[in-house]
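Written below as structure tokens is the structure these notes are about.
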Amino acid sequence: MISLRFYLLDIDSRLRSGEVEVRLWGLTDEGRRVVLFDRALKPYFYAVAENTELLEKQLKSIGDVEEFELKEARIFGKNVKAFKIYVSNPDRVDSIAEAVSKLKGCGGVYDCDLRHTQHYLLDYDVQPCGWHVVEVEPTDKENIKIDEAYRMLKPPVSIGYQKDVIFRVLAFYMIPLPSKGSAKPEKDKIVCLAVRTNEGYVNVYNSEEVGERGLIENFIELIDSFNPDVIVGYGTNARDWEYLAKRAEANGLKLKVGRDGSEPHRSVYGHISIAGRIALDLYDYADDIADIKIKTLENLAAYLGVGVKDELMEEYDIPKLWESSEGRQRILSYALDRCRVIMECFKEFIDYGCQLSNLVCIPLDHVCTAAVGFRVESYLMKCSRKFGELIPKRIEKPYQPYAGAIVLEPKPGLHENVAVLDFRSMYPSIMMKFNISPDTYVEPEVNTKPEEVFIAPEVGHRFFKKPDGFYRDALKRLLEARAEISKKLKDLSPSSTEYRILDARQKAIKVITNAMYGYAGWIGARWYRRPIAESTTAWGRKTLLETVDYAMKIGLSVIYGDTDSIFVKHDQEKIEELVKYVSEKLGLEIKPETIYRRIIFTEAKKRYAGLLADGRIDITGLEAVRGDWSEIAKKIQREVIRIILETGSVEQALKEARKMLSDVEVGKVPLRELIIWKTLTKTTEDYKVLTAHVKAAQRLVDMGWDIGPGDKVGIIVVKGTGRLYDRVEPYQFVKPEDVDYRYYVENQIVPAVVRIISVFGYREEDLRAPIKTMEKKGQRTLF
DNA sequence: GCCTGATACATACCG
DNA sequence: ACCGGTATGTATCAGGCG
Numbered sequence: 010m011i012s013l014r015f016y017l018l019d020i021d022s023r024l025r026s027g028e029v030e031v032r033l034w035g036l037t038d039e040g041r042r043v044v045l046f047d048r049a050l051k052p053y054f055y056a057v058a059e060n061t062e063l064l065e066k067q068l069k070s071i072g073d074v075e076e077f078e079l080k081e082a083r084i085f086g087k088n089v090k091a092f093k094i095y096v097s098n099p100d101r102v103d104s105i106a107e108a109v110s111k112l113k114g115c116g117g118v119y120d121c122d123l124r125h126t127q128h129y130l131l132d133y134d135v136q137p138c139g140w141h142v143v144e145v146e147p148t149d150k151e152n153i154k155i156d157e158a159y160r161m162l163k164p165p166v167s168i169g170y171q172k173d174v175i176f177r178v179l180a181f182y183m184i185p186l187p188s189k190g191s192a193k194p195e196k197d198k199i200v201c202l203a204v205r206t207n208e209g210y211v212n213v214y215n216s217e218e219v220g221e222r223g224l225i226e227n228f229i230e231l232i233d234s235f236n237p238d239v240i241v242g243y244g245t246n247a248r249d250w251e252y253l254a255k256r257a258e259a260n261g262l263k264l265k266v267g268r269d270g271s272e273p274h275r276s277v278y279g280h281i282s283i284a285g286r287i288a289l290d291l292y293d294y295a296d297d298i299a300d301i302k303i304k305t306l307e308n309l310a311a312y313l314g315v316g317v318k319d320e321l322m323e324e325y326d327i328p329k330l331w332e333s334s335e336g337r338q339r340i341l342s343y344a345l346d347r348c349r350v351i352m353e354c355f356k357e358f359i360d361y362g363c364q365l366s367n368l369v370c371i372p373l374d375h376v377c378t379a380a381v382g383f384r385v386e387s388y389l390m391k392c393s394r395k396f397g398e399l400i401p402k403r404i405e406k407p408y409q410p411y412a413g414a415i416v417l418e419p420k421p422g423l424h425e426n427v428a429v430l431d432f433r434s435m436y437p438s439i440m441m442k443f444n445i446s447p448d449t450y451v452e453p454e455v456n457t458k459p460e461e462v463f464i465a466p467e468v469g470h471r472f473f474k475k476p477d478g479f480y481r482d483a484l485k486r487l488l489e490a491r492a493e494i495s496k497k498l499k500d501l502s503p504s505s506t507e508y509r510i511l512d513a514r515q516k517a518i519k520v521i522t523n524a525m526y527g528y529a530g531w532i533g534a535r536w537y538r539r540p541i542a543e544s545t546t547a548w549g550r551k552t553l554l555e556t557v558d559y560a561m562k563i564g565l566s567v568i569y570g571d572t573d574s575i576f577v578k579h580d581q582e583k584i585e586e587l588v589k590y591v592s593e594k595l596g597l598e599i600k601p602e603t604i605y606r607r608i609i610f611t612e613a614k615k616r617y618a619g620l621l622a623d624g625r626i627d628i629t630g631l632e633a634v635r636g637d638w639s640e641i642a643k644k645i646q647r648e649v650i651r652i653i654l655e656t657g658s659v660e661q662a663l664k665e666a667r668k669m670l671s672d673v674e675v676g677k678v679p680l681r682e683l684i685i686w687k688t689l690t691k692t693t694e695d696y697k698v699l700t701a702h703v704k705a706a707q708r709l710v711d712m713g714w715d716i717g718p719g720d721k722v723g724i725i726v727v728k729g730t731g732r733l734y735d736r737v738e739p740y741q742f743v744k745p746e747d748v749d750y751r752y753y754v755e756n757q758i759v760p761a762v763v764r765i766i767s768v769f770g771y772r773e774e775d776l777r778a779p780i781k782t783m784e785k786k787g788q789r790t791l792f
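This note's numbering applies: residue 10 is where the first sequence begins, and numbers increase by one.
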């Protein structure tokens, strides 16, 4: 027997002579790549026994039910008796559970729609991207590309061991040559594939030199010899892997890149998995970052501070470039640079990725692809085990709306010295304070004594004060962990490894904490309970209103507020009093987060712009921060905002705006700044009304471009008559002389500017009038 | 058949 | 495939109008 320290990278399972075998892939303390086999866990599910004897009798007669045992468990806080039912044929867990759920005396089936690997992780408390001690014996490697293979003798034991793990990483970027529209793997060859390892190997395979077949062979050989733990790319789930597999097939090859010689395969959440390796798609990371509007690799790189060669190349540029040797050269160096950028973005991402994976207990490759709801749910499943809660099946539930947060009416105008007071984790704190949880919720028909429950305002839902609900427990762990990390971070140098990892972890914790309320109100959630979400927002509204009332009572002028924040005229003493009130009387924490030297509010909620102490300008909600306005309109609005905030002179802002606007009128503006991007949210046929971006998308599809739901369509408005949708073109096809510059002035720039200046009594005419008329208004400033 | 205002649809934002 | 609240632009339709 050997005892090993083992870091878990990936987990999968396979059938071996009728048994499920779990494979744990990872690294040892000495940096050896190993795989561990374990058949100890038998497939199972739970059936709640409402009539134990009756149910037991029927269970005996069901084929493939190997054995079962009666256990104590909990469902939504209620103690129940349930049979843990072991199934001999792992493929039949679902169907047998379905059959058992219909038996007399059965009160529902639980833990039945989880993958076997998930049961394994939960039952043995195994942590992806975490260290364990394992007791093993050596076994045959079966040609697996690994240093050692072992058979597990006991379940793994998770240990708090922290050690930086150095992965072997391969980044790649491929370029196919499209014949028409988007490249199609059925007919369009891959002409170049760039690779880069984190150990310094760089190359670009070129179909001109080695043929497409040679290019793919080179790629497979590199994976074979370098044997990476991680293979990273951009857009690999939606495109690259499938493309490579099809082109491999067309060349009589198999894309055997898995450590066990298997090919990439589609797995849960739409992820493409590679056996024994982490297949990462940085697109998923970009998708998670709201500030990145158009999810290109360049934009991700810019966001992360990774430098990109200033060379724009899009798919429609490729065919023409490929015709000349100079163009081909450019394509090759472009691919190489993209590969470098992918590797650098990977380095910025990986600490956070590992921490998130470890926290929510989803393997690293899947956690990136999993939506927030599934991440929260996975974390909750882990917590539920400690409470003895069985895991409900995912079922369709009807949608029933409920009231959310409140937003205060802003005081329009320019204000000076405004402090923003934010509640710290308002919803999680409220959920903890009032023990809001699926297992503490009191059904309407249940009688309770007034002192044993919390009653939500407005909606009247009740929650038991004791014992702790499992949401309270789950949140407490998160908040305590984060507080502890914050304390540690203070004593660490930001450049140290430990700081980097802890900071990544606290970010991961924050994401999960903040998503917990949203999860509770999601109809797809296993632990969905509308009253939970509804009560949380009700207490939230009450809290905010009470805070506003008190602020006004002590003479603080409240300018705005939204959900968990209030904007007040800065007054140190009174703010301190308000903070004290909130902490002592409401039992929550409020903190001045931001101080604006100056801030502009329009009549509209959720839209404002402020000047910070350090001179930066913060814009919220306005056109300037939206992805569906042209850059030129956004740029001019930003400029107007900046001048007003810095000088207080609307006239000066107008003067500048007029200058910029007149450039547009004569066509002195790059086409790039005229693109209006909109997301296609469904297939073009599903739209009830025709819109500009849908029309453009239809045209692109007709021309052979792969465009579907979720894709962004970039349009430019061109001269013509009729509806807007009759006057737009996909941006790729527009020449400067086609552009309808008047549209941009009247429907983009003017509205964006007027939105701001109208606050100060100026109108469209003031923007468009000659300077002479303006002077009549005189030079005045707002402060 | 054209104009106008009301309404529905579509998108993206805030917290 | 986390929530509800909000702003805003464009399409579409009903009704007025000799």
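Yeah, the Cβ is synthetic: ideal placement off N, Cα and C, and Gly gets one too.
Rounded C-beta distance between residue i and residue j? I'm assuming under 8 Å.
i: Ala483; j: Tyr388; result: 7 Å
i: Thr206; j: Phe235; result: 6 Å
i: Ala490; j: Ile445; result: Not quite, the Cβ-Cβ distance comes to about 20 Å (not below 8 Å), so this is no contact.
i: Val102; j: Val109; result: Going by Cβ atoms, the distance from Val102 to Val109 rounds to 10 Å, so no, they are not a contact pair.
i: Phe181; j: Asp238; result: No, Phe181 and Asp238 are not in contact; Cβ-Cβ is about 15 Å, not under 8 Å.
i: Trp714; j: Gly636; result: Incorrect: roughly 20 Å between the Cβ atoms, too far for contact.
i: Lys583; j: Leu565; result: 5 Å
i: Val429; j: Pro185; result: Contact doesn't hold; Cβ gap of about 49 Å is too wide.
i: Pro372; j: Asp19; result: 5 Å
Measuring straight from C-alpha to C-alpha, what distance separates residue i and residue j?
i: Glu28; j: Lys406; result: 35 Å
i: Ile510; j: Tyr753; result: 47 Å
i: Leu253; j: Phe46; result: 30 Å
i: Tyr95; j: Cys121; result: 11 Å
i: Leu709; j: Asp300; result: 27 Å
i: Trp548; j: Met561; result: 20 Å
i: Gly422; j: Asp346; result: 48 Å
i: Leu597; j: Ile439; result: 8 Å
i: Tyr537; j: Gly527; result: 10 Å
i: Val318; j: Gln741; result: It is worth fixing the name first, because residue 318 is Lys in this sequence and not Val. Cα to Cα, Lys318 sits roughly 21 Å from Gln741.
i: Glu335; j: Ser342; result: 11 Å
i: Lys111; j: Glu75; result: 19 Å
i: Pro466; j: Gly533; result: 26 Å
For residue i, which beta-bridge partners are listed by DSSP?
i: Cys121; result: In the DSSP output, where bridge partners are listed per residue, Cys121 has none listed.
i: Arg471; result: Val451, Ile464
i: Phe769; result: Phe769 is not bridged to any residue.
i: Ile229; result: Beta-bridge pairing links Ile229 to no other residue.
i: Ser431; result: For clarity, residue 431 is Asp in the given sequence; the question names Ser instead. Paired residues: Ser574, Lys600.
i: Ile94; result: Phe54, Phe77
i: Leu621; result: Tyr605
i: Gly549; result: DSSP, once it has assigned bridges, lists no residue as partnering Gly549.
Please classify residue i as buried or exposed, where buried requires at least 16 neighbouring CB atoms within 10 angstroms.
i: Thr790; result: exposed
i: Gln1; result: Residue 1 cannot be examined here, being either before or after the span of the chain that is shown, 10 to 792.
i: Val145; result: buried
i: Ser544; result: buried
i: Leu79; result: exposed
i: Met10; result: exposed
i: Tyr170; result: exposed
i: Val416; result: exposed
i: Ala492; result: exposed
Measuring CA to CA, which of the options is closest to residue i?
i: Arg8; options: Val376, Thr522, Pro476; result: No answer is possible for residue 8: the residues shown for the chain start at 10 and end at 792.
i: Ser767; options: Val678, Val174, Leu663, Val748; result: Leu663
i: Glu418; options: Asp571, Ala618, Leu776, Glu773; result: Asp571
i: Phe396; options: Glu81, Val722, Leu631, Phe742; result: Glu81
i: Pro760; options: Arg777, Met441, Arg286; result: Arg777
i: Thr37; options: Glu386, Ala412, Arg14; result: Arg14
i: Gly220; options: Asn212, Ile232, Cys201; result: Cys201
i: His375; options: Lys615, Cys138, Ala613, Leu64; result: Cys138
Could you check whether the Cβ of residue i sits closer than 7 Å to any heavy atom belonging to the ligand FMN?
i: Leu17; result: Only the bare structure without any ligand can be found here, which leaves the ligand FMN out of the picture.
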